[in-house]
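A.B. asks: Quick note: the sequence shown uses this note's numbering, first residue 171, plus one each step. Glycine residues also receive a C-beta, built at the ideal position from the N, C-alpha and C atoms. Note that this is a predicted model, so its numbers are computed, not measured.
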Amino acid sequence: MTVESTAARTPRRSAGSKAGTTGTKRTRTTAKKDAGTEPQLVQLLTPEGKRVKNAEYDKYVAGITPEELRGLYRDMVLTRRFDAEATSLQRQGELGLWASLLGQEAAQIGSGRATREDDYVFPTYREHGVAWCRGVDPANLLGMFRGVNNGGWDPNSNNFQLYTIVIGSQTLHATGYAMGVAKDGADSAVIAYFGDGASSQGDVAESFTFSAVYNAPVVFFCQNNQWAISEPTEKQSRVPIYQRAQGFGFPGVRVDGNDVLGVLAVTRWALERARTGEGPTLVEAFTYRMGAHTTSDDPTRYRGDEERQAWEAKDPILRLRRYLEASHHADEGFFAELEAESEALGKRVREAVRAMPDPDHFAIFENAYADGHALVDEERAQFAAYQASFADEGGN
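#1: Give the range of the alpha helix (DSSP H) segment to which Thr285 is assigned.
#2: Measuring CA to CA, which of Ser358, Gly367, Phe378 is closest to His343?
#3: Please report the distance separating the alpha-carbon of Phe330 from that of Ala301.
#4: Can you check which of these residues, Pro325, Phe292, Thr294, Gly317, is closest to Asp307 by C-alpha distance?
#5: Is the closest heavy atom of the ligand FAD to the C-beta of Ile279 under 8 Å?
#6: Have a look at the DSSP bridge pairing and note the partners of Tyr363.
#7: Going by beta-carbon coordinates alone, are Thr403 and Gly280 separated by less than 9 Å?
#8: Within a Cβ cutoff of 6 Å, which residues of the same chain sit near Ile399, ignoring the five residues on either side of it in sequence?
#9: Closest to Ala525 by C-alpha separation, out of Ala269, Ala309, Arg445, Asp357, would be which residue?
#10: Bridge partners for Val300 per DSSP, in chain order?
#11: Under the three-state reduction of DSSP, which class applies to Phe553: helix, strand or coil?
#12: My assumption, with CB atoms under 8 Å, is that Val388 sits in contact with Val360. Please give the rounded CB distance.
#13: DSSP three-state call for Gln416: helix, strand or coil?
#14: DSSP puts Trp397 in a beta bridge; with which residues?
#15: From what residue to what residue does the alpha helix (DSSP H) around Thr144 run?
#16: Give the single residue among Gln393, Ala256, Leu215 whose Cα lies nearest to the Cα of Ala522.
#17: Taking Cβ positions, are Gly350 and Leu332 nearer each other than 9 Å?
#18: Would you decide whether Lys353 is buried or exposed? Buried here means 16 or more other CB atoms lie within 10 Å of its CB.
#19: Please name the residue or residues paired with Gly422 in a DSSP beta bridge.
#20: For a quick check, are the C-beta atoms of Ala500 and Pro236 less than 9 Å apart?
#21: Is Arg244 helix, strand or coil when you go by DSSP?
#22: With DSSP collapsed to three states, give me the class of Arg221.
#23: Mind checking whether Gly427 and Gln479 have CB atoms under 9 Å apart?
#24: Assuming the contact rule is C-beta atoms closer than 8 Å, Arg251 and Gly516 should be a hit. Round their C-beta distance to whole Å, please.
#25: Secondary structure at Phe504, three-state DSSP: helix, strand or coil?
#26: Which residue from Ala232, Thr294, Ser258 puts its Cα closest to that of Arg520?
#27: Mind reading off the beta-carbon distance from Ala356 to Ser381? Whole number of angstroms is fine, and I expect it under 8 Å.
#28: Do Ala386 and Pro450 come within 9 Å of each other at the CB atom, strictly closer than that value?
#29: Could you give the uninterrupted runs of the beta strand (DSSP E) lying entirely in the region 328 to 375, keeping only those of 3 residues or more?
#30: Does the distance from the CB of Leu441 to the CB of Arg304 come in under 9 Å?
#31: Starting from Leu211 and walking both ways along the alpha helix (DSSP H), at which residues does that stretch end?
#32: Provide the residue(s) that pair with Leu215 in DSSP beta bridges, ordered along the chain.
#33: Quick test of your reading: Asp366 and Gln406, contact by CB under 8 Å. State the CB separation rounded to the nearest angstrom.
#34: Less than 9 Å separating the beta-carbons of Val231 and Leu211?
#35: From Ala284, Gly266, Tyr290, pick the residue whose C-alpha is nearest to that of Met314; which is it?
#36: Tell me whether Phe315 sits in a helix, a strand or coil according to DSSP, three-state version.
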């Protein structure tokens, strides 16, 4: 089923009506549409947990089994539990910062499970669910946020790049890697994650240009969570983000980012296009950031509670649970067992973070240049003298 996309807290409108205001009256304005057509939203599972038919995308999830559906639910529940633990650890002073994915579990698990082992993923700093799908230990994600390492995992062991803090730069890295994949003649694909705010970066536009011209096997996966820190989406673009792809010569599609089945199907379609030489695709997962941008942010300063409450009714985990229960694919024993597993995960992550050793103070100098550098040697000596000064003071 293809439905029109409207603001979270406004009633559904007919295709000929104007788009309403998105968000609170005190912070948002009516979005202007240039094209005359309403944004289209791919949806296979409604917020009420009803399965909806879609002639174009059903085939990409036609063979999904009850076990796989339970697996998707388990992925989302455990990812949310890990995310909640990380937020608590930051509040307790164990992490310097944390970027929560709360509310975006379906977008990440659906797309992450669509990838093959030989595909390569380029994340931002919020793709904790995708990392889970790629087999990265959740505890390893926290080392950078604790300040004890620069990533904590080998990107090539899981085909999952290190988190990228610079906004939008990973799309260029992904495009270049995809161009290399094409030259090698491989049939794997590349997927690059970014947010609605990053879509305004020049790096993203350059990535679109290069990928289109060189027909690179890359999927650009935009998680439109409605807010680029405190800026709403309509201040990022006058057209829906997925429609930007048209100007670069490749297709774009908007999917209900809280529908894990819809995301899985659309991402499989896009990755299949890439692998078969049809070039790039832009997927816009229309979702919502339920929490703060990071733990240093206060979302109550720029959005109202009613907006969040409207999106809570579209919760991706509750949606799939309703479907599992209605289809008799899961019972109370499954949910109880999963609850115990999620608590065990939280405990393991908590203990792992607190047990992380402090880094070697001089390790930062080791990887600046492959063969060393005179300036780095000088800086290392200065830093050593600075460290030694504390020992001298203690001796006095």
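C.D. replies: In short:
#1: For Thr285, no alpha helix (DSSP H) segment is defined, and its DSSP state is neither H nor E.
#2: Nearest C-alpha to His343: Phe378.
#3: Between the alpha carbons of Phe330 and Ala301 lies a gap of roughly 7 Å.
#4: Ranking Pro325, Phe292, Thr294, Gly317 by Cα distance to Asp307 puts Pro325 first.
#5: The model depicted lacks the ligand FAD and carries no ligand whatsoever.
#6: For Tyr363, the beta-bridge partners assigned by DSSP are Phe391.
#7: It is not a contact, given that the beta carbons lie outside the stated cut-off.
#8: Exclusion of the five residues before and after Ile399 leaves His463 as the residues of its chain whose Cβ lies within less than 6 Å of its Cβ.
#9: Considering only alpha carbons, the answer is Ala309.
#10: Residue pairing by DSSP leaves Val300 without any beta bridge partner.
#11: Three-state DSSP puts Phe553 in a helix.
#12: Contact flag correct, Cβ pair sits at about 4 Å.
#13: Helix, per DSSP.
#14: Residue pairing of Trp397 in beta bridges, as defined by DSSP: Pro402.
#15: For the chain, the structure presents residues 171 to 566; residue 144 sits outside this window and is missing.
#16: The option with the nearest alpha carbon to Ala522 is Ala256.
#17: With a cutoff of 9 Å on beta-carbon distance, Gly350 and Leu332 are scored as not near each other.
#18: With fewer than 16 other Cβ atoms from the protein chains shown falling within 10 Å of its own Cβ, Lys353 counts as exposed.
#19: Under DSSP, the beta-bridge partners assigned to Gly422 are Leu452.
#20: Yes, the pair counts as a contact, with Cβ atoms nearer than the cut-off.
#21: Arg244 carries a helical assignment under DSSP once its states are collapsed to helix, strand and coil.
#22: If DSSP states are grouped into helix, strand and coil, Arg221 belongs with the strands.
#23: Contact: no.
#24: Yes, Arg251 and Gly516 are in contact; Cβ-Cβ is about 5 Å, under 8 Å.
#25: Correct three-state label for Phe504: helix.
#26: The option with the nearest alpha carbon to Arg520 is Ser258.
#27: Under the criterion of beta carbons closer than 8 Å, Ala356 and Ser381 do not qualify as touching, at roughly 16 Å.
#28: Against a cut-off of 9 Å, the Cβ pair of Ala386 and Pro450 comes out as a contact.
#29: Taking only runs of at least 3 residues, the beta strand (DSSP E) segments lying wholly in the region 328 to 375 are 360 to 365.
#30: The Cβ-Cβ distance between Leu441 and Arg304 does not fall below 9 Å.
#31: Run containing Leu211: none in the alpha helix (DSSP H); it sits in the beta strand (DSSP E), 210 to 212.
#32: DSSP lists Arg221 as partners of Leu215.
#33: With a contact defined as Cβ atoms closer than 8 Å, Asp366 and Gln406 qualify at about 6 Å.
#34: No. Outside cutoff.
#35: Met314 has its Cα closest to that of Gly266, out of Ala284, Gly266, Tyr290.
#36: Helix, per DSSP.
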